[in-house]
Amino acid sequence: MIRLFSLKQQMKEGEQKGSGGQQKKASAAQLRIQKDISELNLPKTCVTEFPDADDLLNFKLIISPDEGFYKDGRFVFNFRVGSNYPHEPPKVKCATLVYHPNIDLEGNVCLNILREDWNPVLTINSIVYGLQFLFLEPNPEDPLNKEAADVLQSNRRQFEYNVKKAMRGGYVGETYFECCMPK
Amino acid sequence: MSVASPNPALALQSKRWNGLRHLLEREGPFCKGDFSPSPDNLEFLQTKCKVLVIGAGGLGCELLKDLALVGFGDLHVIDMDTIELSNLNRQFLFRRSDIGASKAECAARFINGRVPTCRVTPHFKRIQDFDETFYSQFHLIVCGLDSIVARRWINGMLLSMLRYEDGSIDVSSIVPMIDGGTEGFKGNARVILPGFTACIECTLDLFPPQVNYPLCTIANTPRLPEHCIEYVKLIQWDKESPFNSVPLDGDDPQHIGWIYERSLERASEFNITGITYRLVQGVIKHIIPAVASTNAVIAAACALEVFKLATSCYDSMANYLNFNDLDGIYTYTYEAEKSETCLACSNTPQLLPIEDPNTTTLEDVIKLLCESAKYQLKSPALTTVTKEGKQKTLYLGTVKSIEQATRKNLTQSLGELGLEDGQQLTVTDITSPTAITLQLKYQANEVEMI
Amino acid sequence: MSSPAPKLWGEHGQMLLESANICLANVTAVGCETAKGLVLPGIGGFTVADGSTVKEEDLGNNFFLDASYIGKSKALACMQLLQELNPDVNGDYVDESVDYILANRSNFFDNFDLVIASNLNEQTLISLSNRLWESNVPLLYCRSLGMLGTIRLQIKEHCIVEAHPDNRQFDLRLEHPFETLREHLESTEVTSKVPWLLVLYKYLKVWQKQQDGDQKAPKNYKEKLALKELIEKEMKADEENHEEAIKAVNTAFGAGRVSSDLKAIFNDDACEQLNKKSNPFWIMAKALKHFVTEENNGYVPLPGVLPDMTANTESYIALQHVYRQQALHDADQVYHKCQDYLKQLSLPVDSIDERSVRLLCREAAGLAVIRGTRIADEYEKSCRLQPLVEDNELQGTLTAYNFALRAYERFLCECGNIPGECTVEQDIGRLKSIASKMLNDLGMHATISNDVLHEICRFGGAELHAVSAFIGGCAAQEVIKIITKQYKPIDNTFIYNAVTTESVTLKL
């Protein structure tokens, strides 16, 4: 090991040299999220919105698919990045009520990298791509909204019809969906 | 604390140290090269060396005892927790009558009473309640924590305390961190010399990830009792908002009781067996089973490293010990490597000379970063932390909403932005795998000082 | 006591711990730290034996002595301060030395479940070792000197039911399905919703048909790859259970056979020849052997434990049910055989309960028996030490420290003082000649380096608290393992050097 220093030679009490490191320093989670955000490389169907530009830990992601079942819809996700990022994944909830097999009516999202397959090497960008993919390829094998998943599996046309109905604003089954088509 | 200050002169003469003095006052074939055997070593431990113990739980109690009995005379301990019944089977400085009291204060009182040559100062506070003037008074910091967030915070604090001279670390600003952790019959101990050896962030992947079950399994195809408990915790709690919609509190027996009942219902609906109250508690609170003996071993390994560093009698362990006694007793020591791209410890602050903060704009700084041969950045994002500790985004061009909000800063001078001499800016850019820390150096300021 | 750690050794382990009675022979820091690790989780009782009184120099490294006891019985002091940790534990003491007890009432030790001794001299150690071996009381002997520590376990026979292996292989019997499993597997349609086990079985059948002989499961890499490719070929995209089945090919087969450890248990005399005094473990082992060899085609009882597998709830629970039922059935057979043996031995049939048999059956693949050796035997010329020091390999190894510490203990007897207590230089020479003679008497040609002997003398008998706390923590866990009969203890000597943070386990 490097012969570094002898503690005994260190005076501690009352010693404060120069302006030292009096500056506040960003936390590890802050450093990492700044890196993630400044390197965001979004697909053209996605935008982020930061209500407070100083707060990089809380933001929205808006996905407006340009193909697939959900074309022309506009879906908002809330991201909350905790102080243990990237050891723990951010918490992501869908703020738009959506008829989707992998998103339940409370906004919980079933995406593997948000839970069991998260690891610190992944970034916010990985999650954005994962979410975007959910709208292109809803996966009835891993359902959160079981009714929607069953319809998708048994009758794709019925599913497509239900999605459109929900996006325009209307009832699917007993649930009323707000319109989420801006045009 | 009502215990009288120890009398150092008396303590040094005490026969109680006869054994320890052999180790500190004699040469030996395996001692560190610069070890100088002398009575000064004990005197240093007893009267000058200040050690901070973070956490007064299972590891913390052991650490305080171990350090007091290898000659340390001035210990501080921080813990914000109070004593619970379930702590008593391993946190051996506490008794039933102490339930509800501060762990730090009880632990300090006990050690001060039992070991009169040691003075423990308790802090019934959170680690975040102290700033670097507090942490820099210590020669060494030992952590007995069960939280990764807290470890990362201390790690960041110790890194931020480093001072640099001509780009290299001023060794007197290093406060070594010795960190211990246990889980059941397994544990680890490590020595971190901030800036020199692998830090907590370098090796973040060594911490076992939290167990997260797939949400769809929890919601639709539960198979394990844990799946049922997670469902109630993640979905049903928000949906049914019991107890007037308060957030779930793992320490509230009523909350645990509610989850237990609902989990039982859900499990029986799916013919799943094995829900117990204890399991519910474990899943909700992420309880890691702790055993007294593993805590004792890991704390002792940490205390030995503190002792080696403080006395220079032997080389420090390099730098990571794994221990487990599931099958026999097994130890393995290896050198965890410092990551060259660690966001926390690889970015040495670099001085950024500024002619005049009142004429230099943020745009000028960005231009410099992009055009200078040294940096050659593409589209840097700049943030800083204000004196009040608030995060502030100065400019970030890659995200539209932030760009719009921060565009006005570009034309402002550094002075107008409230940036002071010595303040640090964090810069990230796609061209750099790490963050860059810039420290502003105002030339005008220097002129004034002359 | 407030919630100890039943998650790690279970309520049944905790009950054993709470009814155990141990003796702490000789009060030292390492002894007290070991006792602390047993009093906290709630051992039944402990008795401290030590003939000396508390002196100021004892206070520096022992947390369980304080100044108010100076001049009083050390055994009393340490008993009282240890008991304070846990009011549910019974503490007792005798202020007599180990030597005195051995000479005057040597049956004192016979009724303990285990004796912990530490830092003795050679003669006392050998006498205590012999006495406890004869009376079949386990002895855990600890040393703590300077930066060095050792633990030596002396136990005649130790039977472990729950070894809690870190990576347990699931015993699934796919290649040899029991009747109800075969029926279940063959009557269930394989969809993307069923556990991977059914997927793997389906393709295993296909694979088996392709083999020339009647090989039941793939053994080598090539065969495993072929089976994986079979599944992959038929898999539609996004079939998680098929992906899991492919992954499982490597680990799913081969469990359930009798391991070499288990074979040794079956062939052990204690298993072959039961008598009225047989440990219930051996009666159950014999019943187990009968089941395996006579009733179950050489397979151990089914553990009935399944890993989690992606599947819908119904199909997983149904499969789980099949395994659990068979496990109960197997355990029942073994239980009945146990009862037969108990009757043959004219022992009460309730002396072995159904729960213990079920546990033994679940853990059958990992049962282990340790047959230990006597410490005193290490001092005989014919002992097992020699292979350890072949080719003069004592230099630079931790083994050297074990011999150096033995020389230290002989020094205590022969010279009447502690090596290095007053002068280092002179004692190094004396220690060296004792060590050479000791090794020579054992028929070894190795030598211990001067540096190691110098280091030992430099310590001057000092016990460093942190080393004692490390060794005490380890030792306490070994005692818990022995008392709860769970997890494998050291077999049999652990050596730790705090200078280099290294350790090794030797079988002496």
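Protein chains in written order, with numbering that gives the first Met the number 0: chain P, 0 to 182; chain V, 0 to 449; chain E, 0 to 507.
Where a beta carbon is used, it is the ideal one built from N, C-alpha and C, also for glycine.
Based on Cα-Cα distance, which residue from the options lies nearest to residue i?
{"i": "TYR394/V", "options": "LYS407/V, THR385/V, ALA100/V", "result": "LYS407/V"}
{"i": "VAL52/V", "options": "GLY249/V, LEU381/V, VAL141/V", "result": "VAL141/V"}
{"i": "SER314/E", "options": "VAL193/E, TYR99/E, LEU84/E, ILE230/E", "result": "VAL193/E"}
{"i": "PRO279/E", "options": "CYS337/E, TYR322/E, ALA116/E", "result": "CYS337/E"}
{"i": "ILE374/E", "options": "GLU133/E, CYS414/E, LYS215/E", "result": "GLU133/E"}
{"i": "SER439/V", "options": "CYS215/V, GLU354/V, LEU62/V, SER431/V", "result": "First, the amino acid is wrong: residue 439/V is Leu here, not Ser. Of the listed residues, the one whose Cα sits closest to LEU439/V is GLU354/V."}
{"i": "VAL53/E", "options": "SER143/E, ILE351/E, ALA28/E", "result": "ALA28/E"}
{"i": "ARG114/P", "options": "LEU135/P, PRO89/P, LEU104/P", "result": "PRO89/P"}
{"i": "ARG409/E", "options": "THR398/E, LYS431/E, GLU424/E", "result": "LYS431/E"}
{"i": "GLU362/V", "options": "GLU334/V, LEU409/V, ALA317/V, ASP326/V", "result": "LEU409/V"}
{"i": "GLY27/V", "options": "THR293/V, ALA302/V, GLU415/V, SER311/V", "result": "SER311/V"}
Is the CB of residue i under 8 Å away from at least one CB in chain P?
{"i": "ASN86/V", "result": "no"}
{"i": "ASP237/E", "result": "yes"}
{"i": "THR314/E", "result": "With the sequence shown as reference, residue 314/E is identified as Ser, and Thr is not the correct amino acid for it. No, no contact with chain P."}
{"i": "ASP355/V", "result": "no"}
{"i": "ILE449/V", "result": "At ILE449/V, the pLDDT of 39 sits below 50, so the modelled position is not reliable; the number obtained from the coordinates is stated separately. So, not an interface residue."}
{"i": "SER191/E", "result": "yes"}
{"i": "GLN209/V", "result": "yes"}
{"i": "ILE147/V", "result": "yes"}
{"i": "LEU247/V", "result": "no"}
{"i": "ALA302/V", "result": "no"}
Return the Cβ separation of residue i and residue j in integer angstroms, given the expectation that the two are a contact with Cβ distance under 8 Å.
{"i": "LEU139/E", "j": "LEU152/E", "result": "6 Å"}
{"i": "LEU41/V", "j": "ARG20/V", "result": "6 Å"}
Does residue i get closer than 8 Å to chain V when you measure Cβ to Cβ?
{"i": "GLU424/E", "result": "no"}
{"i": "SER82/P", "result": "yes"}
{"i": "ASN111/P", "result": "yes"}
{"i": "ILE125/E", "result": "no"}
{"i": "ALA94/P", "result": "no"}
{"i": "LEU55/P", "result": "yes"}
{"i": "THR47/P", "result": "yes"}
{"i": "GLY20/P", "result": "Only weak support is given to the placement of GLY20/P: the predicted model assigns it a pLDDT of 48, under 50, and the value that follows is read from those uncertain coordinates. Closer than 8 Å to some Cβ of chain V, the Cβ of GLY20/P qualifies, so yes."}
{"i": "SER2/E", "result": "For SER2/E, the predicted structure reports a pLDDT of 45, less than 50, and the residue's modelled location is therefore unreliable. A value from the coordinates is still provided. So yes, SER2/E belongs to the interface."}
Compare the C-beta of residue i with all C-beta atoms of chain E and state if any pair is closer than 8 Å.
{"i": "GLU87/P", "result": "no"}
{"i": "ASN138/P", "result": "yes"}
{"i": "SER13/V", "result": "yes"}
{"i": "PHE123/V", "result": "no"}
{"i": "PHE306/V", "result": "yes"}
{"i": "GLY388/V", "result": "no"}
{"i": "PHE91/V", "result": "yes"}
{"i": "ARG113/V", "result": "yes"}
How would you list, in chain order, the residues of chain C whose beta-carbon sits under 8 Å from the beta-carbon of residue i?
{"i": "ASP103/P", "result": "No chain C is part of this structure, whose protein chains are labelled P, V and E."}
Checklist entry - If you measure beta-carbon to beta-carbon, which residues of the region 310 to 343 of chain V are closer than 7 Å to chain E? => result TYR313, MET316, LEU320, ASP324, LEU325, ASP326, GLY327, ILE328, THR330, THR332
Next on the checklist: Which residues of the region 49 to 69 of chain V have a Cβ closer than 9 Å to any Cβ of chain E? Give them in chain order.
Outcome noted: When C-beta distances to chain E are compared with 9 Å, the residues of the region 49 to 69 of chain V below that value are GLU61, LYS64, ASP65, LEU66, ALA67, LEU68, VAL69, in chain order.
Checklist entry - Using a Cβ cut-off of 7 Å, which residues of the region 23 to 39 of chain P contact any Cβ in chain V, in chain order? => result LYS23, LYS24, ALA25, SER26, ALA27, GLN29, LEU30, ARG31, GLN33, LYS34, ILE36, SER37, GLU38, LEU39
Checklist entry - Which runs of the beta strand (DSSP E) fall wholly inside the region 303 to 387 of chain V and span at least 3 residues, in chain order? => result If only complete runs of 3 or more residues are kept, the region 303 to 387 of chain V shows the beta strand (DSSP E) at 319 to 323, 329 to 333, 349 to 353, 380 to 384, in order along the chain.
Next on the checklist: So if I threshold CB-CB distances at 9 Å, which residues from the region 286 to 299 of chain V count as touching chain E?
Outcome noted: Across the region 286 to 299 of chain V, CB contacts with chain E closer than 9 Å involve ILE286, PRO288, ALA289, VAL290, ALA291, SER292, THR293, ASN294, ALA295, VAL296, ILE297, ALA298, ALA299, in sequence order along the chain.
Checklist entry - In the region 151 to 179 of chain V, which residues sit with their C-beta less than 9 Å from some C-beta in chain P, listed in chain order? => result ARG151, TRP152, ASN154, GLY155, MET156, LEU158, SER159, MET160, LEU161, ARG162, ASP169, VAL170, SER171, SER172, ILE173, PRO175
Item to check | Length-filtered (4 minimum) alpha helix (DSSP H) runs lying within the region 0 to 65 of chain V | outcome: Segments of the alpha helix (DSSP H) lying fully in the region 0 to 65 of chain V: 7 to 12, 17 to 24, 38 to 42.
Checklist entry - According to a CB-to-CB cut-off of less than 7 Å, which residues of the region 16 to 29 of chain V neighbour chain E? => result Residues are counted here when their Cβ sits less than 7 Å from a Cβ of chain E; for the region 16 to 29 of chain V these are TRP16, ASN17, GLY18, LEU19, HIS21, LEU22, ARG25, GLY27, PRO28, PHE29, given in chain order.
Checklist entry - For the region 165 to 234 of chain V, which segments carrying the beta strand (DSSP E) assignment without a break, of at least 3 residues, lie completely within its bounds, in sequence order? => result 176 to 182, 185 to 191
Checklist entry - Can you list, in chain order, the residues of the region 116 to 132 of chain P whose Cβ is nearer than 9 Å to any Cβ on chain V? => result ASP116, TRP117, ASN118, PRO119, VAL120
Next on the checklist: Any C-beta of chain E within less than 8 Å: which residues of the region 268 to 287 of chain V qualify?
Outcome noted: PHE269, ASN270, ILE271, ARG277, GLY281
Next on the checklist: I'd like the ranges of any alpha helix (DSSP H) spanning at least 4 consecutive residues and lying wholly in the region 142 to 223 of chain E.
Outcome noted: Scanning the region 142 to 223 of chain E from its first residue to its last, the whole alpha helix (DSSP H) runs of 4-plus residues come out as 178 to 186, 195 to 209.
Checklist entry - Between the region 4 to 37 of chain E and chain V, which residues of the former have a C-beta closer than 7 Å to a C-beta of the latter? => result ALA4, LYS6, LEU7, GLU32, LYS35, GLY36
Item to check | Contact set between the region 29 to 45 of chain V and chain E, restricted to residues whose Cβ is under 7 Å from the partner | outcome: PHE29
Next on the checklist: Quick check for students: name the residue ranges of the beta strand (DSSP E) that lie wholly in the region 398 to 449 of chain V, counting only runs of 3 or more.
Outcome noted: If we require 3 residues or more, the beta strand (DSSP E) runs fully inside the region 398 to 449 of chain V come out as 423 to 427, 435 to 441.
Checklist entry - Which residue spans inside the region 334 to 417 of chain E form an unbroken alpha helix (DSSP H) run of at least 4? => result 353 to 361, 397 to 414
Next on the checklist: As an exercise, report each continuous alpha helix (DSSP H) stretch of at least 4 residues that is fully enclosed by the region 35 to 88 of chain E, in chain order.
Outcome noted: Within the region 35 to 88 of chain E, the complete alpha helix (DSSP H) runs of at least 4 residues fall at 73 to 82.
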